[in-house]
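**Student:** For reference, the structure I am asking about is given below.
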Amino acid sequence: MADGTTNTSGWEAATTGALRLISLEIPDGLSEKKDIDRTVATYTARFLESHVKPPFRYDQVTPTSFIVHGACRPNEFEDFLVSLQLRLREFLFGSETASKVDIVSFTGSDDALKTFMMADDATAKRRADSYLNAYQTRHRDITEQHSAWRYGWQGDARIFTEHFRYRGILECKQRVMIGQAITVADHHSETQDDIHVGRFMAVRAPHTIDFEIAAYKHSRVRAEEAYKAGLNSIVLTPISYHTLIVPEAREKYLKAIEGAPSWAKNLTGLVVFCAPENASVNAIQRCAEEFSPYFRFIDWQVRSVNFQPSQFANSRLNTLTFDIHDQLDKRIEAIKTFGGYADALRKMRILPGITGVKTRDEVLTAIKSGIRYLSGPAITCALKTPCPIMHVSPAELPFQGTSRSLEDALPL
28 MADGTTNTSG WEAATTGALR LISLEIPDGL SEKKDIDRTV ATYTARFLES HVKPPFRYDQ
88 VTPTSFIVHG ACRPNEFEDF LVSLQLRLRE FLFGSETASK VDIVSFTGSD DALKTFMMAD
148 DATAKRRADS YLNAYQTRHR DITEQHSAWR YGWQGDARIF TEHFRYRGIL ECKQRVMIGQ
208 AITVADHHSE TQDDIHVGRF MAVRAPHTID FEIAAYKHSR VRAEEAYKAG LNSIVLTPIS
268 YHTLIVPEAR EKYLKAIEGA PSWAKNLTGL VVFCAPENAS VNAIQRCAEE FSPYFRFIDW
328 QVRSVNFQPS QFANSRLNTL TFDIHDQLDK RIEAIKTFGG YADALRKMRI LPGITGVKTR
388 DEVLTAIKSG IRYLSGPAIT CALKTPCPIM HVSPAELPFQ GTSRSLEDAL PL
């Protein structure tokens, strides 16, 4: 079983789907099906262990079939499942079309999933193809309705206004909302809401470069508006670890941001998402070296506390942020553990931050642990436009209860 938990408290109802290996014909060189099962099982398990992380998890049913679970919105789960299928297929078979052996995916009701898992290969293939066709049809409909939200990010950044949201960042020591990080508008929500941009990018990896460029151009538009209005404002824009380490994607991004005026650098920051726990030290240092000329500061996001602060030594990063959006339980303990790294990070001139805080207790724990920057639903709701840097009082933060102890906890 993959790392994860069945506790979905505070999350949407879990969604379930399946992945299966289909052997319609046994290819030359693999004359026995058990050889296929053994070989594919080894590599598939290795791939899923690396790529299925909370809020997703998986169970291995047979050597070549898997049940995938997700505590998320149904449309996010479908995007993840189809993306996982395509990435696994590429991992196993490369760019060659796998006509005799294939990986297929399916999701539906419990009864439909049971039928899919028990069906013979030919029947399972037909069901999977029918599901994929229906998914692609829904995807086209959504793309036509919200073309910029999903994949059509090319074009004038000014047209994407309705597709971006912003989350405020609180500088705890000064009680100042210092800026806004770009997130993505959730068009499936009945209220003003956003999709955590880290999850948005992880589900669509590695095809996020156009979104990243559009987000940067949009941050430039917002920075220009703030600059001309004389407002003190900072907008953080996302980039994926994949873009940092793949030369073609990195060069495409750098080309898109060349020639930025000095005021754009002073009003924008770069946030690195989707980095693995064992991120390359060279990649971290290259990020700061190549991108610092274009941004006021660079933030690196981590999704667990399973790292050593020393791996960020001499990285020239400005902040290291622990992302707890997808931490399903033991959130307070995780915040305390990350807070234990605060002094070591400060000695390396890296300020610690946490994003995804949801409750008053989490805010208090983070502040008492020495965390400098906080963001998440407990700090601000999704904003349609970024606001200027401002001083805020604990009573203005969007959670219930008296602010007395929080006022006392915030250092002056």
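Each residue of the sequence shown is one higher than the one before, starting from 28 at the first, in our numbering. Yeah, the Cβ is synthetic: ideal placement off N, Cα and C, and Gly gets one too.
What does a CB cutoff of less than 8 Å around G380 pick up in its chain, not counting 5 residues either side in sequence?
**Tutor:** Here residue 380 is taken as the residue at index 353 of the sequence shown, counted from 1. Cβ contact annotation for G380 (same chain, cutoff 8 Å, sequence separation greater than five): I196, D326, T346, L347, T348, F349, I398, R399, Y400, L401, S402, in chain order.
**Student:** Kindly indicate which residue of F339, K255, H223, A310 has the alpha-carbon position closest to the one of R277.
**Tutor:** Counted from its first residue, the sequence shown places residue 277 at position 250. If we check each option's Cα against that of R277, A310 comes out closest.
**Student:** Measure how close the beta-carbons of L294 and A253 come, nearest whole angstrom, since I'm counting them as under 8 Å.
**Tutor:** For this step, residue 294 is matched to residue 267 along the sequence shown. For this step, residue 253 is matched to residue 226 along the sequence shown. Contact flag correct, Cβ pair sits at about 6 Å.
**Student:** For V131 versus R47, is the C-beta distance shorter than 8 Å?
**Tutor:** As a first step, residue 131 must be located in the sequence shown, where it is residue number 104. As a first step, residue 47 must be located in the sequence shown, where it is residue number 20. Contact: yes.
**Student:** Which one of H418, R192, S331, L344 has the shortest CA to CA distance from C408?
**Tutor:** Taking the first residue of the sequence shown as position 1, residue 408 is located at position 381. For the options H418, R192, S331, L344, the alpha carbon positioned closest to that of C408 is the one of R192.
**Student:** Just reading off the alpha helix (DSSP H) that Q312 is part of, what are its end residues?
**Tutor:** As a first step, residue 312 must be located in the sequence shown, where it is residue number 285. Segment 308–318, the alpha helix (DSSP H) holding Q312.
**Student:** Taking the Cβ atom as the reference point for each residue, do T71 and L119 lie within a distance shorter than 8 Å?
**Tutor:** Mapped onto the sequence shown, residue 71 falls at position 44. Mapped onto the sequence shown, residue 119 falls at position 92. Yes, Cβ-Cβ distance for T71 and L119 is below 8 Å.
**Student:** For E239, which of Y268, G257, L258, A256 has the nearest alpha-carbon?
**Tutor:** In the sequence shown, counting from the first residue as 1, residue 239 sits at position 212. Among Y268, G257, L258, A256, the Cα nearest to that of E239 belongs to Y268.
**Student:** Going by CA-CA distance only, name the one from S337, K363, Q354 that's closest to K374.
**Tutor:** If you number the sequence shown from 1, residue 374 lands on position 347. If we check each option's Cα against that of K374, S337 comes out closest.
**Student:** Have a look at A393 and S331 and give me their C-alpha separation to the nearest angstrom.
**Tutor:** Counted from its first residue, the sequence shown places residue 393 at position 366. Counted from its first residue, the sequence shown places residue 331 at position 304. Roughly 15 Å between the two C-alpha positions.
**Student:** Restricting to runs no shorter than 3 residues, where is the beta strand (DSSP E) found entirely within the stretch 320–389?
**Tutor:** 325–329, 346–350, 378–382
**Student:** Nearest-angstrom Cα distance between P303 and V329?
**Tutor:** Locating residue 303 in the sequence shown gives position 276, where the first residue counts as 1. Locating residue 329 in the sequence shown gives position 302, where the first residue counts as 1. About 8 Å.
**Student:** I need the boundaries of the alpha helix (DSSP H) containing A229, first residue and last residue.
**Tutor:** Here residue 229 is taken as the residue at index 202 of the sequence shown, counted from 1. Element bounds for A229: 224–231.
**Student:** Compute the Euclidean distance between the alpha carbons of V308 and G135, then round it to the nearest angstrom.
**Tutor:** On the sequence shown, position 281 is the one that residue 308 refers to. On the sequence shown, position 108 is the one that residue 135 refers to. Cα to Cα, V308 sits roughly 42 Å from G135.
**Student:** Between the alpha carbons of T170 and T164, how many angstroms are there, rounded?
**Tutor:** Looking up residue 170 in the sequence shown gives position 143. Looking up residue 164 in the sequence shown gives position 137. Confidence at T170 is low in this model, with a pLDDT of 43, below 50, so its placement is unreliable and no value can be given for it.
**Student:** Tell me where the alpha helix (DSSP H) around A283 begins and ends.
**Tutor:** The sequence position of residue 283 within the sequence shown is 256, counting from 1. 274–284 is the extent of the alpha helix (DSSP H) around A283.
**Student:** Going straight from the alpha carbon of A291 to that of Y321, what length do you get?
**Tutor:** Against the sequence shown, residue 291 aligns to sequence position 264. Against the sequence shown, residue 321 aligns to sequence position 294. Computed Cα separation, rounded: 8 Å.
**Student:** Could you tell me the distance, in whole angstroms, from the CA atom of A422 to the CA atom of E103?
**Tutor:** Here residue 422 refers to the residue found at position 395 when the sequence shown is read from its first residue. Here residue 103 refers to the residue found at position 76 when the sequence shown is read from its first residue. C-alpha of A422 to C-alpha of E103: approximately 34 Å in a straight line.
**Student:** Could you spell out the range, first to last residue, of the beta strand (DSSP E) harbouring R100?
**Tutor:** Taking the first residue of the sequence shown as 1, we reach residue 100 at position 73. It is not in any beta strand (DSSP E) - R100 carries neither H nor E in the DSSP assignment.
**Student:** In the DSSP assignment, find the unbroken beta strand (DSSP E) run with I416 in it and report its ends.
**Tutor:** In the sequence shown, residue 416 corresponds to position 389, counting from 1. Note, I416: premise wrong, no beta strand (DSSP E); not H, not E.
**Student:** For R249, which three-state DSSP category applies?
**Tutor:** In the sequence shown, residue 249 corresponds to position 222, counting from 1. Helix at R249.
**Student:** Quick check on DSSP: helix, strand or coil for V203?
**Tutor:** For this step, residue 203 is matched to residue 176 along the sequence shown. Strand at V203.
**Student:** Helix, strand or coil: how does DSSP classify S260 here?
**Tutor:** As a position in the sequence shown, residue 260 is number 233, starting the count at 1. The three-state reading of DSSP puts S260 in coil, since its state is none of H, G, I, E or B.
**Student:** In the structure shown, what three-state DSSP assignment does R194 receive?
**Tutor:** As a working note, residue 194 is residue 167 in the sequence shown. The three-state reading of DSSP puts R194 in strand, counting E and B together.
**Student:** Would you mind reading off the limits of the beta strand (DSSP E) that contains T295?
**Tutor:** Position 268 of the sequence shown holds residue 295. That run of the beta strand (DSSP E) goes 295–300.
**Student:** Less than 8 Å separating the beta-carbons of G97 and F74?
**Tutor:** In the sequence shown, residue 97 corresponds to position 70, counting from 1. In the sequence shown, residue 74 corresponds to position 47, counting from 1. Against a cut-off of 8 Å, the Cβ pair of F74 and G97 comes out as no contact.
**Student:** Candidates S420, F365, L159: which alpha carbon is nearest K395's?
**Tutor:** Translated into the one-based positions of the sequence shown, residue 395 becomes position 368. Answer by Cα proximity: F365.
**Student:** Since T42 is in the beta strand (DSSP E), which residue starts that stretch and which ends it?
**Tutor:** One-based indexing of the sequence shown puts residue 42 at position 15. Per DSSP, T42 belongs to the beta strand (DSSP E) from 42–50.
**Student:** How is S136 classed by DSSP in three states: helix, strand or coil?
**Tutor:** Residue numbering aside, residue 136 sits at position 109 when the sequence shown is read from its first letter. DSSP places S136 in coil when its eight states are reduced to three.
**Student:** Straight-line CA distance for E67 to Y280?
**Tutor:** For the purposes of this step, residue 67 is taken as the residue at position 40 of the sequence shown. For the purposes of this step, residue 280 is taken as the residue at position 253 of the sequence shown. Residue 67 is actually Val in this sequence, not Glu. About 36 Å.
**Student:** Give the single residue among I222, P425, Q312 whose Cα lies nearest to the Cα of R100.
**Tutor:** Taking the first residue of the sequence shown as position 1, residue 100 is located at position 73. The candidate whose alpha carbon is nearest that of R100 is I222.
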